[in-house]
Amino acid sequence: MSISFDRRRRTAGAPARRSAAVAAVCGLLLTTGCSLTSGSGSDFEDASGLSAALGKVSSEPGTWSVGYTDSARLRELTKQAPERFADFRPFPDSEFATELSGSAVSRYRIDPDQVEERLWIQSPDSPLMAGYWRGAFDSESIIKKLKAEGRPEREQDGATVWSGDEDSQNDYTVSDQEFTHVRPVGTRVFHPADGKALADKAEYRQLVACLGDVYSVSIEPRQSGIDPRRGGKELSHLAIGQLARSADDTSGVVCAVARSEKSALKVSETVKAVLEGQSQYAGSEVTVLEGDEGEGQPSVVKVTVPDNPDDRKVGKIMRGPLLTALLKL
């Protein structure tokens, strides 16, 4: 197994596809150093990918667990290699997310193939759950059904919100390109003010640039001090994603936001010890991407684990000792 450690100075990234392209160039420049830079974190209107989705989510008032899936890309991969991708379930809580999404699909007759991207939001501190879908929707038909249900209508953050009824305690918004559902009613999750999106926060910009063009990812905040056995002392955020250059060339990626440069080094050494001698992690790479504590940009530890030719299913990074070790940090 080969494990490489590279330390690169970096600044905040922005839209995911552009960041992925820059990261690819940086990969060719490991010996000379590299800095990832791009524009404002609020430039999300015409973008797609993880950064654009995070640009739709308010960073206030709570702490969110985030699951993102490029549904169109996953459908394409599944068609090309059904035996590898058919059983893959998007992050994070797929069963409940599927149940809630399935209810909306059935109730409003939304074709799942029209959904290009999905974002799942959950709060570890409250019963809040929310979903954001980007795609092509028959908004006129959906709005007719919302009206027929007798749902109250209100304006919130510049959007029309259809409030929950007796059977469904969700708020909905709908347009030709977007569909959102939020529980409980009245909770502000989407349509943030300028500069107040998750994508505007330094740790999320660092994660977006680190992850690259993932087709699925889970981002979990780590809460320090609540229970030492549950981790959070060294890491503030942990992201676990899936990459695919093609249906046959896939890998898992972990991006761990360190609380300090000292923490970043400790995490990288821990990961190195876990990977050493483990055949399932053959070909893995570990990189410490340096931040700038003075500028509020945290360091990130990146771990890339390629799927081997004999791996029948994708997603092995979600299983085994690597994830177990990271969850304790």
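Numbers 1023 to 1351, taken from my numbering, label the letters of the sequence shown in order.
Here a beta-carbon is modelled for each residue, glycine too, at the ideal position from N, C-alpha and C.
Residue i burial status per 10 Å Cβ neighbour count (16 or more: buried)
i	result
Gln1199	exposed
Asp1270	exposed
Gly1071	buried
Gln1319	buried
Glu1225	buried
Pro1250	Per-residue confidence for Pro1250 stands at a pLDDT of 47, beneath the threshold of 50, marking its modelled position as unreliable; the derived number appears in the next sentence. Answer is exposed; the Cβ neighbour count stays below 16.
Arg1334	exposed
Ala1219	buried
Pro1112	buried
Asn1330	exposed
Arg1176	exposed
Ser1148	exposed
Arg1227	buried
Gln1144	buried
Arg1341	exposed
Lys1169	exposed
Gly1055	Because Gly1055 carries a pLDDT of 28, less than 50, the predicted location of this residue cannot be relied on, and the following value inherits that uncertainty. Result: exposed.
Gly1313	buried
Ala1108	exposed
Gly1186	buried
Arg1267	exposed
Asp1133	exposed
Asp1235	buried
Asp1193	buried
Thr1346	exposed
Whole-angstrom C-beta distance between residue j and residue i, which should lie under 8 angstroms
i	j	result
Val1196	Ile1165	6 angstroms
Arg1097	Val1336	Contact flag wrong, Cβ pair sits at about 14 angstroms.
Thr1085	Pro1243	5 angstroms
Gly1157	Gln1136	5 angstroms
Sub-9 angstroms separation of residue i and residue j beta-carbons
i	j	result
Val1308	Val1323	yes
Val1275	Val1327	yes
Arg1131	Ser1093	no
Ser1073	Ala1221	yes
Ala1126	His1203	yes
Leu1311	Val1289	no
Leu1349	Leu1233	no
Gly1254	Gln1245	yes
Gly1089	Ser1238	yes
Thr1209	Leu1150	yes
Leu1351	Ser1285	yes
Trp1184	Arg1173	yes
Asp1160	Ala1215	no
Val1293	Ser1080	no
Glu1315	Glu1291	no
Arg1205	Lys1167	no
Val1230	Leu1076	yes
Gln1302	Lys1338	yes
Val1325	Leu1297	yes
Residue range of the unbroken alpha helix (DSSP H) whose run includes residue i
i	result
Lys1101	Ser1093 to Gln1102
Tyr1303	Note, Tyr1303: premise wrong, no alpha helix (DSSP H); not H, not E.
Ser1073	Leu1072 to Leu1076
Glu1177	Segment Glu1175 to Gln1178 is the beta strand (DSSP E) holding Glu1177; no alpha helix (DSSP H) there.
Ala1295	Glu1283 to Leu1297
Val1275	Segment Asp1271 to Ala1280 is the beta strand (DSSP E) holding Val1275; no alpha helix (DSSP H) there.
Val1230	Ala1224 to Leu1233
Thr1346	Pro1343 to Leu1348
Ile1339	Run containing Ile1339: none; DSSP gives neither H nor E here.
Ala1170	Ser1161 to Ala1170
Short CB-CB distance (under 9 angstroms) between residue i and chain C
i	result
Gly1153	Of the protein chains in this structure there is only one, and it is not chain C.
Limits of the beta strand (DSSP E) - the one that residue i falls within
i	result
Leu1257	Leu1257 to Ser1268
Lys1324	Val1322 to Pro1328
Ile1143	Val1137 to Gln1144
Pro1149	From DSSP, Pro1149 is part of no beta strand (DSSP E); its letter is neither H nor E.
Pro1243	Ser1238 to Pro1243
Val1207	Taken as a continuous stretch (DSSP letters only), Val1207 belongs to no beta strand (DSSP E), as it is neither H nor E.
Ala1181	Ala1181 to Trp1184
Thr1195	Asp1193 to Val1196
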